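What follows is a short report on a single structure.
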Amino acid sequence: MITNIISAIGNNRSVYPLILRDCGIEVPSKIYITRKENLKESKTKANDATREKFIDEYATSALWLGGIPFVEKVYNQFIKSKGFNPNTDIKLFKENEFQGIEYNIKKFKNISSKEVEELEKIKNNRKIFEKLIAGKFASAIIIPTALMGFVLPKLNFALTKKIKENRKQQNNYGTQNITFRQSITAFKSGKNVSFTGNFVGAIANMKTVDKMAITDGGLTVGRVSTSRNKDEAFVNAFRMIGSMILNFVTPVYIAKFLDKCANKAFGLNVNLDPLIMDNKELIQAIKEDKIELPKSNNAKDIFEFIDTKPQSLFSKFASMQGKVSYLENGIRDPRKYVDVKDLANFKKEFENFIKSAKESSDITKFIKKARFVKGINILSNVAISSALLAIVLPKLQYCFNKLVTGSYSDPGLKDN
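Mapping of the sequence shown onto my numbering: residues -6 to 409, in sequence order.
Here it is as structure tokens:
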């Protein structure tokens, strides 16, 4: 159970590290720092800033983390209603020597008839299918981005504006009972509502985390363009660009650095997923020298291996990592594209780990130690990334804010 959790949060190509960092660590810390910095100016501004930050961060997190999967799920039902399988990889339209839609239809025709029928229908209606997939990609990007980057900020700002108006009218600095409906009314009546930005949906079959990175870019455009003044636009640009780098770039390099350090310091190869290291069948196979691998890294040998030996440890682990897909009957799914370079890299890491384990005096102890160090590396990566996002970036943001505006309070709360 613990290994499963560590494996999930250590996969920088999945949403799990983002969920942990964003909801569990980053958001509460940002809200606390926002309140603390704005208290340097006044309690009233601190209350307004805290409320805005709370609404903004948690609503954005919900849309950012759940918006893309939800939109795609709905759109997939629409594609199915048109008689197509939405999970078919359109990269198969690019034929090469060992895979492609034509190649797979011929190869799997007699062993996977249902899946081949789906491929044939897509092949005969290529333009329609490509438009549907492009529409799914565009919808999954545009809808969450529009809600996070344009609608949500305007509603949030309208709520603050309404509270300020009531505060002036009643000469009362307590919290007013402003409803969300009132903020929507204020939002509709505002003169500064603008929805801008060009979005291109020409790429499909990207992982959710990649789409989230693109959405984050659109969110940056939205937050800057909906800012209430130039100072807020500058601060938002600084914050959003920093967040994009720390969410999607930094963790990958931190992971590589930590794994490299473990290799140098302890002589351990910890590049594999901890779930693979924790596999008892693998440990026994290494001891008995019964690990089967593709003959080479070329496409012919890799395809031949994964097609003829789906029950091998290499094929099982590749499937577990999402690098190859098998049907229930053990036949490789002809609707899925296989990234041969990725599989070749995985084979290389697999070989290096096995070699290091064999060279150790005690294979069981070596693997146990490697798994422990890998777990420490993953948790350290999360801790470092979270600290950068939850503490360092917000602090730098308010220093930048002070430099630009001469004040610590959020520039959008400045009275006109």
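Glycine included, each C-beta is placed from N, C-alpha and C at the ideal position.
Nothing here was measured: the structure is a model prediction, and the numbers come from that model.
### Task
Pick out whichever of Glu113, Asn78, Ser106, Ile26 has its Cα sitting closest to the Cα of Gly93.
Taking the sequence shown and counting its residues from 1, the one referred to as residue 93 is at position 100. Gly93 has its Cα closest to that of Glu113, out of Glu113, Asn78, Ser106, Ile26.
### Task
Please decide whether Ser35 counts as near chain C, where near means a Cβ-Cβ distance under 8 Å.
The structure shown contains no chain C, having only a single protein chain.
### Message
By the DSSP assignment, the alpha helix (DSSP H) with Val277 in it spans what residues?
### Response
Residue 277 sits at position 284 when you count from the first residue of the sequence shown. Note on residue identity: the sequence assigns Gln, not Val, to residue 277. Counting along the chain, the alpha helix (DSSP H) containing Gln277 begins and ends at 273 to 280.
### Query
What is the DSSP secondary structure of Arg364, reduced to helix, strand or coil?
Looking up residue 364 in the sequence shown gives position 371. Arg364: helix per DSSP, three-state reduction.
### Task
Find out if the Cβ-Cβ distance for the pair Glu65, Ala131 is shorter than 8 Å.
Indexing the sequence shown from 1 puts residue 65 at position 72. Indexing the sequence shown from 1 puts residue 131 at position 138. Cβ distance not < 8 Å, so Glu65 and Ala131 don't count as in contact.
### Task
Throw me the rounded Cβ distance for the Phe359 and Leu265 pair, which I believe falls under 8 Å.
Indexing the sequence shown from 1 puts residue 359 at position 366. Indexing the sequence shown from 1 puts residue 265 at position 272. The pair is not a contact, with the Cβ atoms about 13 Å apart (cut-off 8 Å).
### Message
Assuming the contact rule is C-beta atoms closer than 8 Å, Asn374 and Ala258 should be a hit. Round their C-beta distance to whole Å, please.
### Response
Taking the sequence shown and counting its residues from 1, one reaches residue 374 at position 381. Taking the sequence shown and counting its residues from 1, one reaches residue 258 at position 265. That belief does not hold up - the Cβ atoms of Asn374 and Ala258 are roughly 16 Å apart, past 8 Å.
### Task
Compute the Euclidean distance between the alpha carbons of Ala311 and Asp15, then round it to the nearest angstrom.
Locating residue 311 in the sequence shown gives position 318, counting from the first residue. Locating residue 15 in the sequence shown gives position 22, counting from the first residue. Distance between the alpha carbons of Ala311 and Asp15 is about 29 Å.
#### Entry: Of the listed residues Gln304, Leu396, Val331, Asp82, nearest to Ile321 (C-alpha basis)
Mapped onto the sequence shown, residue 321 falls at position 328. Ile is not the amino acid found at residue 321; the sequence shown has Glu there. Selected option, being the one with the closest Cα: Gln304.
### Message
Determine whether the beta carbon atoms of Pro327 and Glu123 lie at a separation below 8 Å.
### Response
Taking the sequence shown and counting its residues from 1, the one referred to as residue 327 is at position 334. Taking the sequence shown and counting its residues from 1, the one referred to as residue 123 is at position 130. Against a cut-off of 8 Å, the Cβ pair of Glu123 and Pro327 comes out as no contact.
### Task
Decide if the stretch 54 to 72 is in contact with the stretch 86 to 100; the criterion is three or more beta carbon pairs, one per stretch, under 8 Å apart.
no
### Task
Measure the C-alpha to C-alpha separation of Leu396 and Pro387 and round it to an integer number of angstroms.
Here residue 396 is taken as the residue at index 403 of the sequence shown, counted from 1. Here residue 387 is taken as the residue at index 394 of the sequence shown, counted from 1. Answer to the nearest angstrom: the Cα atoms are 14 Å apart.
#### Entry: Given Ile284 as reference, the closest of Leu212, Ala350, Gly76 once Cα atoms are compared
Numbered from 1 along the sequence shown, position 291 holds the residue referred to as residue 284. Selected option, being the one with the closest Cα: Ala350.
### Query
Taking the C-alpha atoms as reference points, what is the distance between Tyr25 and Asn31?
The residue given as residue 25 occupies position 32 in the sequence shown. The residue given as residue 31 occupies position 38 in the sequence shown. Approximately 10 Å, taken between the alpha carbons.
### Query
Residues bridged to Tyr246 by DSSP?
Translated into positions along the sequence shown, residue 246 becomes position 253. DSSP lists no partner for Tyr246.
### Task
Run the CB neighbour count on Asn149, radius 10 Å, all protein chains shown included, and call it buried at 16 or more, exposed below.
Here residue 149 corresponds to residue number 156 of the sequence shown, with the count starting at 1. Flag for Asn149 reads buried.
### Task
Check whether the Cβ atoms of Ile12 and Leu56 lie closer than 8 Å to each other.
Residue numbering aside, residue 12 sits at position 19 when the sequence shown is read from its first letter. Residue numbering aside, residue 56 sits at position 63 when the sequence shown is read from its first letter. The answer is no: Cβ separation not under 8 Å.
### Task
Let me know the secondary structure DSSP gives Gly183 once reduced to three states.
Your numbering for residue 183 matches position 190 in the sequence shown. With a pLDDT of 45 at Gly183, under the threshold of 50, the modelled position of that residue is not reliable, and the figure given next carries that caveat. Coil, per DSSP.
### Query
CB-CB under 8 Å to Gly215, same chain, minus the five flanking residues each way: which ones, in chain order?
Residue mapping note: residue 215 aligns to position 222 of the sequence shown, counting from 1. Within the same chain, Gly215 has close Cβ partners Thr138, Ala139, Met141, Gly142, Phe143, Pro146, Gly190.
### Query
Apart from the five residues just before and just after Thr43, which ones in its own chain have a Cβ nearer than 7 Å to its Cβ?
Here residue 43 is taken as the residue at index 50 of the sequence shown, counted from 1. Taken in chain order, the residues that qualify are Ile24, Thr27, Arg28.
### Task
Hey, could you find the ends of the alpha helix (DSSP H) Gln92 is sitting in?
The residue you call residue 92 lines up with position 99 of the sequence shown. From DSSP, Gln92 is part of no alpha helix (DSSP H); its letter is neither H nor E.
### Per DSSP, cross-strand counterpart(s) of Arg325
In the sequence shown, the residue the question calls residue 325 occupies position 332. The partner list for Arg325 (beta bridge, DSSP) reads Tyr319.
### Query
Roughly how many angstroms lie between the CA atoms of Met270 and Lys73, to the nearest whole one?
In the sequence shown, the residue the question calls residue 270 occupies position 277. In the sequence shown, the residue the question calls residue 73 occupies position 80. Roughly 39 Å separates the two Cα atoms.
### Euclidean distance between Cα positions of Asn345 and Thr357
One-based indexing of the sequence shown puts residue 345 at position 352. One-based indexing of the sequence shown puts residue 357 at position 364. For Asn345 and Thr357, the distance between alpha carbons rounds to 16 Å.
### Task
Just confirm the distance between the C-beta atoms of Tyr391 and Glu34, as a whole number of angstroms; I'd bet it's less than 8 Å.
As a first step, residue 391 must be located in the sequence shown, where it is residue number 398. As a first step, residue 34 must be located in the sequence shown, where it is residue number 41. Contact doesn't hold; Cβ gap of about 11 Å is too wide.
### Simplified DSSP state of Leu396, which is helix, strand or coil
For the purposes of this step, residue 396 is taken as residue 403 along the sequence shown, with counting starting at 1. Helix.
#### Entry: Under the three-state DSSP convention, the category Glu45 falls into
Residue mapping note: residue 45 aligns to position 52 of the sequence shown, counting from 1. DSSP places Glu45 in helix when its eight states are reduced to three.
### Task
Please determine, among Asn229, Glu45, Glu111, Asp41, the residue with the shortest C-alpha to C-alpha distance to Lys329.
Counted from its first residue, the sequence shown places residue 329 at position 336. Of Asn229, Glu45, Glu111, Asp41, the residue nearest in Cα terms is Glu111.
### Task
Report back the beta-carbon spacing between Leu251 and Asn370 to the nearest angstrom; my notes put them in contact at under 8 Å.
For this step, residue 251 is matched to residue 258 along the sequence shown. For this step, residue 370 is matched to residue 377 along the sequence shown. Their Cβ separation, rounded to whole angstroms, is 4 Å, which keeps Leu251 and Asn370 in contact under 8 Å.
#### Entry: Val263 and Ala255 closer than 8 Å at C-beta
Within the sequence shown, numbered from 1, the residue matching residue 263 stands at position 270. Within the sequence shown, numbered from 1, the residue matching residue 255 stands at position 262. Contact flag set, yes.
### Query
For the ligand SAM, any of its heavy atoms closer than 7 Å to the Cβ of Phe359?
You won't find the ligand SAM in this model; it holds no ligand whatsoever.
### Task
Use the C-beta contact count for Thr208: other C-beta atoms within 10 angstroms, 16 or more gives buried, fewer gives exposed.
Reading the sequence shown from its first residue, position 215 is the one you call residue 208. The residue in question, Thr208, is buried, as its Cβ has 16 or more Cβ neighbours within 10 Å.
### Task
Indicate whether Lys340 and Asn290 have their beta-carbon atoms separated by less than 8 Å.
Looking up residue 340 in the sequence shown gives position 347. Looking up residue 290 in the sequence shown gives position 297. Closer than 8 Å, so yes.
### Message
Tell me the rounded alpha-carbon separation between Lys280 and Lys361.
### Response
Within the sequence shown, the letter at position 287 stands for residue 280. Within the sequence shown, the letter at position 368 stands for residue 361. Near 14 Å, if we compare the C-alpha coordinates of Lys361 and Lys280.
### Collapsed DSSP secondary structure at Thr219 in the structure displayed
In the sequence shown, counting from the first residue as 1, residue 219 sits at position 226. Coil at Thr219, not helix or strand.
### Query
How close, in whole Å, do the beta carbons of Thr243 and Leu389 come, if the pair is a contact with beta carbons under 8 Å?
As a first step, residue 243 is located in the sequence shown; it is residue number 250 there, counting from the start. As a first step, residue 389 is located in the sequence shown; it is residue number 396 there, counting from the start. Contact flag wrong, Cβ pair sits at about 14 Å.
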